[in-house]
Amino acid sequence: MGFKFVLVHGSWQDARSWDGVTPHLERMGHKVWAPTIAGHAPGSDKNVSHADCVKSVVDYIVHHDVSDFILVGHSFGGTVIQRVAEELPDRIRRLVFWNAFVLNDGDNLDSNTPPHYRALFEKICQPDGSAMLPFPIWREAFLNDGDFALAKRTYEERLSPSPRRSHTDAVPLKTFFSLEIPKSYINCTEDIALPPGAEWGWHPRMSSRLGLYRLVQMPGSHQVNFTNPELLAHKIVEAGRD
Amino acid sequence: MGFKFVLVHGSWQDARSWDGVTPHLERMGHKVWAPTIAGHAPGSDKNVSHADCVKSVVDYIVHHDVSDFILVGHSFGGTVIQRVAEELPDRIRRLVFWNAFVLNDGDNLDSNTPPHYRALFEKICQPDGSAMLPFPIWREAFLNDGDFALAKRTYEERLSPSPRRSHTDAVPLKTFFSLEIPKSYINCTEDIALPPGAEWGWHPRMSSRLGLYRLVQMPGSHQVNFTNPELLAHKIVEAGRD
Amino acid sequence: MGFKFVLVHGSWQDARSWDGVTPHLERMGHKVWAPTIAGHAPGSDKNVSHADCVKSVVDYIVHHDVSDFILVGHSFGGTVIQRVAEELPDRIRRLVFWNAFVLNDGDNLDSNTPPHYRALFEKICQPDGSAMLPFPIWREAFLNDGDFALAKRTYEERLSPSPRRSHTDAVPLKTFFSLEIPKSYINCTEDIALPPGAEWGWHPRMSSRLGLYRLVQMPGSHQVNFTNPELLAHKIVEAGRD
């Protein structure tokens, strides 16, 4: 039986983040929707709030009239699907967080990252309100399981500056933790986009905030959408099924 | 060369826990014994103590006159094989703990689980002294690598209420930590039956209590006996061999 | 394109540590150099300092006139390549630490291992200044993914006593942490040569000291050079490439 998936990308990325994953999901008989979050399209207005980000995904789902779907969030996208779940709880069959942030009520993304990351992005923030991930971090800590050519190509053809406010706005989450939507967490075991370990690591720091959740793991970096999209597609199904 | 294995199941399970594993071990040339722990057969008297659990396994081994065997304990079964090793040290070639509890002297299982688990089982404990694992926990946190149909079928056909006292009785372990029996620990890397992490996770919290031990890991949940019995059989041999 | 690799072994081992790995690297088109660290050849003078160890590798590299190479250090070898990098920074393309110690300035290896290890090696240290790893530790905690025959054979044919001072000498590292050489860390996920966990484990305790680094993981023990040399060769390339 086929599922419906709405895939929400992470920072510095857009709907094209899923280009390699979607064909595999469709070939398995599933339907896929992949919005670009407000402020994340290359060249778009970068002065957007976290609420604008959330609204753009809610509007996309309502406009396409998708319901009974599995909502997947990657990285920063986790903070977006938390709020989308609050806005459209009855449409969502299950939430899947893939190496994603799970914020506590009133928190922002920045405070969940190490101080040297925060300092870096403050420093490189542009007058238009955007900040770009430096290539050496992308190559070593985001795409560590890919080769240099893939790191270079994806950086040039798939990435663009992100709105800084999406990381610094406080995110109100008044109902998220009492929603009865089932939840899963996909953890890539070589993901070092956040420093591994109890203090800053993705798992179990973020996953444990979900309460009862299903854990799915796979080998790979923060960007297996680029380095191993077929296995990611299978793991999204394993995480998303009933 | 063939080994002899005595396999001791976990809570809410019985000898049938190993139905999928035993044929693989036998096909590899090994011999298998699988007792049902007192109070764990469906419909049996649930008013049994931890000492009764231990005695039933000791009696089984003596009755079948098994010696020079590898003693494997899963989950709650770890607390049982610790005590069996104290009672029959000369018969045991090696101890294998598979995502199993390793208790300190005088400890009980309950105090090694998170407070919300303890509160849950206190609340759902029945007048006959038994408590059953709720299905949503089985599906999401015990069999997270299986599909819904397998979770449902195993829950209905392989599980039954466990005697509450097996988790709350203090277990005296006066000689266990000075026994010179070699020890191994099998850790399934997606096991979230206990919350992953330093505070409550299986490994290295439980494994490190063994002193010098051999670590064997495999992908999968707390119940790879149901989701991947063939690989589990191979890992039991890898853990159990000299 | 082929890379140049200089491979630096760990304690109780010598250049033959890489016998199974080198042919795979060469078959992939790479060039390999593998020095034996001073004091580590069987029968050699064991009264050598950590500085002597470093000098022997620096001399080897200069003598063979190797440059633009990837410098790989295993276990104790990590402390050696840290210092070699300080001495020959311009020759090194990338540093790869494979389940290796990464010392802070002025630290020694011993203080980065658990007290029971330190006490053991103090106790078994010989009059000639050497100490040998006991076989049960090699079998259970170093070669846990191999069978008994391989553990026995490698212990007898590949291991010899190590100079104790290599573990107890303080290692000055005045420039290492400001070198701009790219760094990678290979972590074997079943390596229990150091007790897993935040307090004593290899990863992320050692890896995180590198600052920005690339993580590569593979299944296996501390000695996959013996139990899975082909996969190790591939992971060394994955860690070493640009």
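Protein chains in written order, with numbering that gives the first Met the number 0: chain A, 0 to 241; chain B, 0 to 241; chain C, 0 to 241. We treat Cβ as the ideally placed atom computed from N, Cα and C, and that holds for glycine.
State buried or exposed for residue i, treating a residue as buried only when at least 16 other CB atoms are found within 10 Å of its CB.
i	result
T174(B)	exposed
H8(C)	buried
E139(A)	buried
M205(C)	buried
R152(B)	exposed
R76(B)	In the sequence on display, residue 76(B) carries Gly and not Arg. It is buried - the Cβ of G76(B) has at least 16 other Cβ atoms within 10 Å.
N143(A)	buried
K45(C)	buried
S183(A)	buried
R93(A)	buried
P41(A)	exposed
G72(B)	buried
K234(C)	buried
A84(B)	buried
S10(C)	buried
G1(B)	exposed
R290(B)	Residue 290(B) falls outside the range modelled here, since chain B spans only 0 to 241, and no answer is possible.
A169(B)	exposed
G28(A)	exposed
P135(C)	exposed
F147(C)	exposed
P203(B)	buried
G210(B)	exposed
S74(C)	buried
P181(C)	buried
F4(C)	buried
I120(A)	Per the sequence shown, residue 120(A) should be read as Phe rather than Ile. Burial call: buried.
Applying a beta-carbon distance threshold of less than 8 Å, which residues of chain A neighbour residue i?
i	result
R92(C)	Within 8 Å Cβ-Cβ: nothing; R92(C) doesn't reach chain A, min ~13 Å.
Counting only Cβ pairs nearer than 7 Å, list the residues of chain A close to residue i.
i	result
A197(C)	G196, A197
H8(C)	Those do not exist, as H8(C) stays about 25 Å from chain A at its closest Cβ, beyond 7 Å.
D241(C)	F147
I191(B)	L214
N111(B)	Within 7 Å Cβ-Cβ: nothing; N111(B) doesn't reach chain A, min ~17 Å.
Starting from the beta carbon of residue i, find every residue of chain C whose beta carbon is closer than 7 Å, and list them in chain order.
i	result
R280(B)	Because chain B here runs from 0 to 241, residue 280(B) falls outside it and cannot be looked at.
Looking only at its chain, what residues have a beta carbon closer than 7 Å to the beta carbon of residue i, apart from the 5 residues adjacent to it on each side?
i	result
P171(C)	D104, G105
F141(C)	A192, S220, H221, Q222
A150(B)	W137, R138, L142
Would you mind telling me which residues of chain A sit closer than 9 Å to residue i, beta carbon to beta carbon, in chain order?
i	result
P203(C)	I191, P194, P195, G196, G200
What residues from chain B crowd round residue i, counting only those whose CB sits closer than 9 Å?
i	result
L211(A)	P135, I136, E139, A140
T276(C)	Given that chain C is displayed from residue 0 to residue 241, the structure contains no residue 276(C) and the question cannot be resolved.
N98(C)	Within 9 Å Cβ-Cβ: nothing; N98(C) doesn't reach chain B, min ~14 Å.
N103(C)	In chain order: nothing, as chain B lies at least about 23 Å away.
So, at 6 Å on beta carbons, what are the nonlocal neighbours of residue i in its own chain, with the 5 sequence-adjacent residues on each side left out?
i	result
H39(C)	D13
G145(A)	T226
A232(C)	V20, H23, L24
R208(C)	V101
D109(A)	R117, H166, T167
R82(B)	V53
W199(B)	P113, L193
I246(B)	Outside the displayed span of chain B (0 to 241) sits residue 246(B), for which this structure offers no information.
S48(B)	R164, D168
Residues in its own chain within less than 8 Å of residue i by CB, not counting five upstream and five downstream?
i	result
R90(C)	I60, V65, S66, D67, F68
H115(B)	none
W17(B)	L6, H8, V31, A33, N224
L158(C)	W11, Q12, M131, L132, W137
So is residue i in contact with chain E if we call contact Cβ pairs under 8 Å?
i	result
H115(A)	You won't find chain E in this structure, because its protein chains are A, B and C.
Give the interface partners of residue i over in chain B, defined as CB-CB distance under 8 Å, in chain order.
i	result
N224(C)	Going along chain B, no residue has its Cβ under 8 Å from N224(C), so there is no contact; the nearest lies around 18 Å.
Starting from the beta carbon of residue i, find every residue of chain C whose beta carbon is closer than 9 Å, and list them in chain order.
i	result
N227(A)	Near N227(A) there are no residues of chain C at all, since even the closest Cβ is about 13 Å away, more than 9 Å.
> Residue ranges of each beta strand (DSSP E) run of no fewer than 3 residues wholly in the region 157 to 211 of chain C, ordered along the chain?
Replying inline: 182 to 187
>> Using 8 Å as the cut-off, can you tell me whether the region 14 to 28 of chain B makes contact with the region 226 to 240 of chain A, which would need three or more C-beta pairs spanning the two stretches below that distance?
In response: no
>> Just to confirm the assignment: which complete alpha helix (DSSP H) runs, minimum length 4, are found wholly within the region 50 to 119 of chain C?
In response: 76 to 86
>> Any contact between the region 159 to 166 of chain C and the region 117 to 130 of chain C? By contact I mean 3 or more CB pairs, one from each, below 8 Å.
In response: yes
> Are there three or more Cβ pairs, one per stretch, closer than 8 Å when the region 26 to 35 of chain C is compared with the region 53 to 63 of chain C?
Replying inline: yes
> Is the region 211 to 231 of chain C in contact with the region 186 to 193 of chain A, if contact means three or more CB pairs nearer than 8 Å?
Replying inline: yes
> Going along the chain, which unbroken runs of the alpha helix (DSSP H) with 4 or more residues stay wholly within the region 12 to 37 of chain A?
Replying inline: 21 to 26
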